[in-house]
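Asks: Structure in structure tokens, see below.
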Amino acid sequence: MIEKDDAVSTVIALMLVLGIIVTLIAIYSATYLPGLKQQSEIEHSREVADAFARFDSHIYYAVSHKTNGIRFSEPFSLGGGDVLLSPVRSSGSVTIEKEPPLVNVTVTNQTGSVMTGNASLVNVSYVPSFTTWEPQGYLWEYGFVAVTKDNVTVPQPSRYNTILEARADSGEFLRFFVVLTLTTGSDIEITVVNLTRKEDGFFITGSGRVTLGVNATVSESYLGEVETIVFENCTVGDGDKVSEMMGKHLEKLCDSTNSDTYVYVPGTLSSPPRHTLTFSTTPPKVTLRTVNVEVGVW
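First residue of the sequence shown? That's 15 in this note's numbering, and the numbers climb one at a time after it.
Shown next, in the form of structure tokens:
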């Protein structure tokens, strides 16, 4: 009889212990788990913000140095929120989108041969999904990072209140995209930066680790006895300040040459503003350097 009582006591004790464990798990899940998951999501959002800030520095370095072989990679997690007893993670997506060209360059020589190039941008966005915290995403464009939520986009630098203000102050960054220098004698070198997306790596979604990558390569082409150089300011429509800044930059570049004539033609509904240099007395040799900065995600 005593042995049976001991067995029953052991079972009851185990049931009590299990009941206590279940109660503790229930209290943890109801009271602490939501806060822990939100804290994990907040830390993940900071991780993405830091990754975009470093990515911005990588792009700035590649665009400003304009040298071949520059490579950067920036890893981060698409999702977060995994904690003890709740390993389910949120997810997210990264998209790299093309922007319209900034400037088109057309070089024509006396025999009618043509050499063309363009300066262009991309934008990179991160959008979270199924998060237990605020659905806060991030956007890189025009040389700055912005915070996004639903249909609202706010520049991360506190000195700006709106996206238009941040774009209007992007002149220092955008001027790197078109550079004109005089070389030996009357010869000219034009450097354009073409920021492009990796065509087999411009979108990814999920909850695991991904990497934003930057790869810069440089190509050169030449044309002798050049008769005209035309710069088209394609930023019209991106905001008056951006267009005005790029127009002044192109005007300054054109004024620095020894061309015979410099003609500015305002834009119309069908064509952008054009800055045309004409050389007749001393036709120069023109070198067109294209810095292709490819941005991809994998």
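Ideal Cβ positions, reconstructed from N, Cα and C, are used throughout, including at glycine.
Note that the coordinates shown come from a computational prediction; the quantities given were computed from them, not determined experimentally.
Quick one: what does DSSP say Gly95 is sitting in, helix, strand or coil?
Replies: coil
Asks: To test your reading of the DSSP string, which unbroken beta strand (DSSP E) runs of 3 or more residues are found completely within the region 236 to 295?
Replies: 240 to 247, 275 to 279 and 288 to 292
Asks: From the DSSP output, which residues share a beta bridge with Ala133?
Replies: Val117
Asks: Can you give the Cα-Cα distance for Gln53 and Val307, rounded to whole angstroms?
Replies: If I take the Cα positions, the gap works out to 36 Å.
Asks: For Val128, collect the residues of the same chain with a Cβ closer than 6 Å to its Cβ; drop the 5 residues on either side in sequence, then sort them by chain order.
Replies: Taken in chain order, the residues that qualify are Thr122.
Asks: Using only alpha-carbon positions, find the residue among Arg68, Pro89, Phe69 and Glu148 that is nearest to Ser104.
Replies: Glu148
Asks: When you compare the CB positions of Val119 and Leu47, do they come within less than 8 Å of one another, or not?
Replies: no
Asks: What's the C-alpha gap between Val232 and Ser139?
Replies: 26 Å
Asks: Spatial neighbours of Glu55 within its chain, please: CB distance less than 7 Å, with the 5 preceding and 5 following residues excluded, ordered by chain position.
Replies: Once the five neighbours on either side are set aside, the close Cβ partners of Glu55 are Gly94, Gly95, Ser104, Thr145, Thr146 and Trp147.
Asks: When you compare each of Phe293, Met259, Leu92 and Cys248 to Thr271 by their alpha carbons, which one comes out closest?
Replies: Phe293
Asks: Under DSSP, the alpha helix (DSSP H) around Phe187 begins and ends at which residues?
Replies: Gly185 to Leu188
Asks: Rounding to the nearest angstrom, what Cα-Cα distance links Gln170 and Leu291 in this structure?
Replies: 40 Å
Asks: For the candidate residues Leu264, Glu186, Glu239 and Arg288, whose alpha-carbon lies nearest to that of Val77?
Replies: Glu186
Asks: Looking only at C-alpha atoms, which of Glu241, Val102, Ala182 and Val309 sits nearest to Thr295?
Replies: Glu241
Asks: I need the DSSP call for Ser127, collapsed to helix, strand or coil.
Replies: coil
Asks: Counting along the chain, where does the alpha helix (DSSP H) carrying Pro48 start and finish?
Replies: Leu47 to His79
Asks: Could you pull out every residue in the same chain whose Cβ sits closer than 6 Å to the Cβ of Val256, ignoring the five residues on either side in sequence?
Replies: Arg181 and Thr249
Asks: Assuming Thr304 and Asn208 are in contact, meaning their beta carbons sit under 8 Å apart, how far apart are those beta carbons, in whole angstroms?
Replies: Correct: roughly 6 Å between the Cβ atoms.
Asks: Rounded to the nearest angstrom, what separates Gly199 and Gln124 at their Cα positions?
Replies: 19 Å
Asks: Would you tell me roughly how many angstroms separate the C-alpha atoms of Phe190 and Leu153, rounded to the nearest one?
Replies: 21 Å
Asks: Report back the beta-carbon spacing between Gly131 and Val224 to the nearest angstrom; my notes put them in contact at under 8 Å.
Replies: Not really, about 31 Å apart at Cβ, beyond 8 Å.
Asks: Look up Glu234 in the DSSP assignment and give the residues it is bridged to.
Replies: Arg303
Asks: Under DSSP, the alpha helix (DSSP H) around Arg181 begins and ends at which residues?
Replies: Ile177 to Ala182
Asks: Helix, strand or coil: which one does DSSP assign to Gly310?
Replies: strand
Asks: Given this structure, state the Cα-to-Cα distance separating Val102 from Lys51, to the nearest angstrom.
Replies: 10 Å
Asks: Helix, strand or coil for Thr197? Go by DSSP, reduced to three states.
Replies: coil
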